[in-house]
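*Asks:* The structure that follows is given in the form of structure tokens.
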Amino acid sequence: MTMSNSNIIDLCSDDEMGRSNIKKCRREIEPGFDSASAPSVCPTPISRQFWKAGYYEIEQGQRCKAANQYGKNHMRIHPMFLHSNATSHKWAFGAMAELLDNAVDEVQNGATFVSIDKISTPQYGTPALLIRDDGGGMDPDAIRRCMSFGFSDKKSKFTIGQYGNGFKTSSMRLGADVIVFSRHLKSRSLTQSVGLLSYTFLRSMGNNNVVVPMVDYEFNSSARTFGPLIPHDEDHFSSNLTMLLQWSPYSTEDELLKQFDDIGDHGTKVVIYNLWLNDDGEMELDFDSDPEDICINGDKTGRMKQIQYVANLYQHSLRAYASILYRQLPEYFRIILRGRDIEYHNIAEDLKYVQFIKYMPQVDGNLEVEIITAIGFLKEAPHANTHGFNIYHRNRLILPFWRAVGCTNGTGRGVVGVLEPDFIQPTHNKQDFEKTSLFQKLEDRLKQMTVEYWNKHCKLIGYQQVKKTPSTTTTLPSSVTQNCVDQDQPLLLNHGSQYESSNSRAGLIKKRKDLLDPPLKLQHAKRHMGSSCGTDVQCISEEPENSVEGMMRVSQKMLLMQENKRLQSRLLALEKMVQELDLKVQQLKDEQKNVN
């Protein structure tokens, strides 16, 4: 088997870095390292704290080397870039989401699960992060593209990844080192590959370019075992294997290959070790607070005392964050966190007094796209201090509970929305959107939408607008003012119950009637144009506007209609995917018959 892309990654050879030099440096951040006995060739040991680990001292001789070694010009990537590139993830769970994305994208290749767990490294017993899936796996060429920058095989409109950078940024954000095991079956050839991306190794060796040790194995049908796949020469393979055993958690080749035992016929396993510490010197990821979760170390007591809603938990709990990370997944696909399945959480189902607003911006000239936003009050309102829009892109949550409006005058408190505008592009770390004119128009529309919804519905949950006047101020209950900065808050009416009597209910309905637009049939919904945002269609109830129950029924009907449309589109895509998978299964059966 030939490897057409074998030069994508600058693999070490004995000419560049002999075996005698490989063992000159010890693993400086592992337990038991004695800095006094460290060889002089090693630079200063790296900090275990992520935000302090970017300092990289280069020897003067290394600094002056030309970039056109080996007689050809090519761009070189310094190891310092691994750290600086990873700083795009300010939040550790943002990096974790990238690794989950890679597994979810493998659904099109037959993946049925992704598992995240804590393991201990064999030699030192230190904690490591394990991510495993049963997708199609990677052949020797594909794993080299995965370990390189900017190469991506994901061209489908259903895949999340697109930049060819997520694996490197996410793994280096979570730990100093990562080792990848992948098995793949293609054209009667069953291969398995191991690759190591190690910041510790590169720092300790004083490298001024990124070197990724890799070895490949191919299944020998006659011997019924895996043997080395050697595209160049045996010395090259031996040099890479030696570096893998020296700098990975596995000290023998047998131990290294044993990691494929739980992968099966195809799939990928990622082990991230030498996990980073936070600024307080504690492990950034907390594996101890909950044996079925991974949390972020820090003071969580304030949030845990609040209502146990996902908006108050996702920043500290991976289980909570992963439950809302994808808008929809196939029923058969499982995300398993520390041995227990993560239950999908649909934020739209947490809303009451829901409205659906169609937004039709113009993109690429005169082309209009349709975006439906579900907006309503949280069921816990007015007691929950949570508001904002959950904005997805290609099924993936980019901005959770993003606040289009602040807390001024209390406007928007408790209002939550869900939408999926695929016409705007996320940033590379998938934690924000590019600040284009399209995004600015969407932001303006969401602000307007929040204010309009609040003005029409705030009294339904017991709020009354308080207008600012220069001469008067309003004293509010402490339960309302404690979480907002501005003293002009919505006045909470009848805090103990929604309405005290039928008379007060009738009065409230009468006031609400004056605020609502005239009722229209759904098929003749009112259209109004925005000067810069496009066309909006607001879904208004067919029921009389003084019927709260009727409004809720129609809102639920609209939700079902929207979900039905989405499911039909997804079903067509899945049916096509099933046909492709059936074809692959038949091809694999034919190949297995030929092998046997």
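Here our numbering = 1-based position in the sequence shown + 46. We treat Cβ as the ideally placed atom computed from N, Cα and C, and that holds for glycine.
1. Exposed or buried, Val624, counting other C-beta atoms within 10 Å across all chains shown (16 or more means buried)?
2. Between the stretch 156-169 and the stretch 179-193, do three or more beta carbon pairs fall short of 8 Å?
3. Under the rule that 16 or more other beta-carbon atoms within 10 Å means buried, what is Ile225, buried or exposed?
4. By a C-beta neighbour count over all protein chains shown, 10 Å radius and 16 as the cutoff for buried, is Val257 buried or exposed?
5. For Asn254, which of Gly422, Met126, Leu175, Phe272 has the nearest alpha-carbon?
6. So, using beta-carbon positions, are Asn475 and Ser134 closer together than 7 Å?
7. Excluding the five sequence neighbours on either side, which residues of its own chain have a C-beta within less than 8 Å of the C-beta of Gly221, listed in chain order?
8. Within 10 angstroms of the Cβ of Gln401, are there 16 or more other Cβ atoms? Answer buried if so, exposed if not.
9. Give the C-beta separation of Val356 and His391 to the nearest angstrom, bearing in mind that I take them to be a contact with Cβ-Cβ under 8 Å.
10. Please say whether Ser363 and Lys388 have beta carbons closer to each other than 7 Å?
11. Roughly how many whole angstroms lie between the Cα atoms of Arg73 and Arg249?
12. Quick check on the burial criterion: 16 or more other C-beta atoms within 10 angstroms. Buried or exposed for Ile165?
13. Could you compute how far the alpha carbon of Thr237 sits from the alpha carbon of Gly452?
14. Expressed to the nearest angstrom, what Euclidean distance is found between the alpha-carbon atoms of Asp332 and Ile470?
15. When every heavy atom of the ligand ATP is checked, does at least one fall within less than 6 Å of the C-beta of Ser166?
16. Can you list, in chain order, the residues of its chain with a C-beta nearer than 6 Å to that of Gln638? Leave out the 5 residues immediately preceding and following it.
17. What number of angstroms, rounded off, separates the C-alpha of Gly140 from the C-alpha of Ala269?
18. Measure the alpha-carbon distance for Tyr372 versus Asp147 and round it to whole angstroms.
19. Apart from the five residues on each side of it in sequence, which residues of its chain come closer than 7 Å, Cβ to Cβ, to Leu627?
20. Exposed or buried, Ser543, counting other C-beta atoms within 10 Å across all chains shown (16 or more means buried)?
21. In chain order, what residues of the same chain have a beta carbon less than 7 Å from the beta carbon of Ala420, not counting five sequence neighbours either side?
22. If you reduce the DSSP assignment to three classes, tell me which class Arg229 lands in.
23. Looking at the secondary structure, which residues open and close the beta strand (DSSP E) in which Ser239 lies?
24. Identify, in the order they occur along the chain, each residue of the same chain with its Cβ nearer than 7 Å to the Cβ of Met495, setting aside the five sequence neighbours on each side.
25. Which same chain residues end up closer than 7 Å to Arg449 when comparing Cβ atoms and leaving out the 5 residues on each side of it in sequence?
26. Taking the beta strand (DSSP E) that Gln401 falls in, what are its first and last residues?
27. Provide the residue(s) that pair with Met260 in DSSP beta bridges, ordered along the chain.
28. What did DSSP end up calling Leu465 once you bin it into helix, strand or coil?
29. From the DSSP output, in three-state form, read off Pro523 for me.
30. With C-beta atoms as the reference, is Gly183 less than 7 Å away from His312?
31. Could you please give the first and the last residue of the uninterrupted beta strand (DSSP E) stretch that includes Gly140?
32. Closer than 7 Å by C-beta to Thr457: which residues in its own chain qualify, once you throw out the five before and the five after it? Chain order, please.
33. For the beta strand (DSSP E) that Val316 lies in, which residues bound it at each end?
34. Counting along the chain, where does the beta strand (DSSP E) carrying Arg178 start and finish?
35. Relative to the alpha-carbon of Glu426, which residue among Ile382, Asn455, Arg459 has its alpha-carbon at the smallest distance?
36. Give the C-beta separation of Asn648 and Gln477 to the nearest angstrom, bearing in mind that I take them to be a contact with Cβ-Cβ under 8 Å.
*Replies:* Quick answer:
1. exposed
2. yes
3. buried
4. buried
5. Met126
6. yes
7. Ala174, Leu175, Ile318, Tyr319, Asn320, Leu321, Trp322
8. buried
9. 6 Å
10. Checking the sequence shown, residue 388 turns out to be Ile, not Lys. In this structure, Ser363 does not lie closer than 7 Å to Ile388 by Cβ.
11. Low per-residue confidence applies at Arg73: pLDDT is 45, beneath 50, and the placement is therefore not dependable, though the value from the model is reported in the following sentence. Approximately 10 Å between the Cα atoms of the pair.
12. exposed
13. 54 Å
14. 34 Å
15. The model on display carries no ligand, and the ligand ATP is accordingly not part of it.
16. none
17. 45 Å
18. 9 Å
19. Gly156
20. Unreliable placement is indicated for Ser543, whose pLDDT of 36 sits below 50; no coordinate value is reported for it.
21. Ala394, Leu397, Val400, Phe402, Gly463, Val464, Leu605
22. strand
23. 235-244
24. Ile403, Thr419, Ile421
25. His433, Gly434
26. 397-406
27. Gly241
28. strand
29. Residue confidence for Pro523 is low, a pLDDT of 38 falling below 50, so the modelled location carries little weight; the figure read from the coordinates is stated next. Pro523: coil per DSSP, three-state reduction.
30. yes
31. From DSSP, Gly140 is part of no beta strand (DSSP E) but of the alpha helix (DSSP H) over 138-151.
32. Val451, Val497, Trp500
33. 313-321
34. 173-179
35. Arg459
36. Coverage of the chain is limited to positions 47 through 642, which leaves residue 648 absent and any answer about it impossible.
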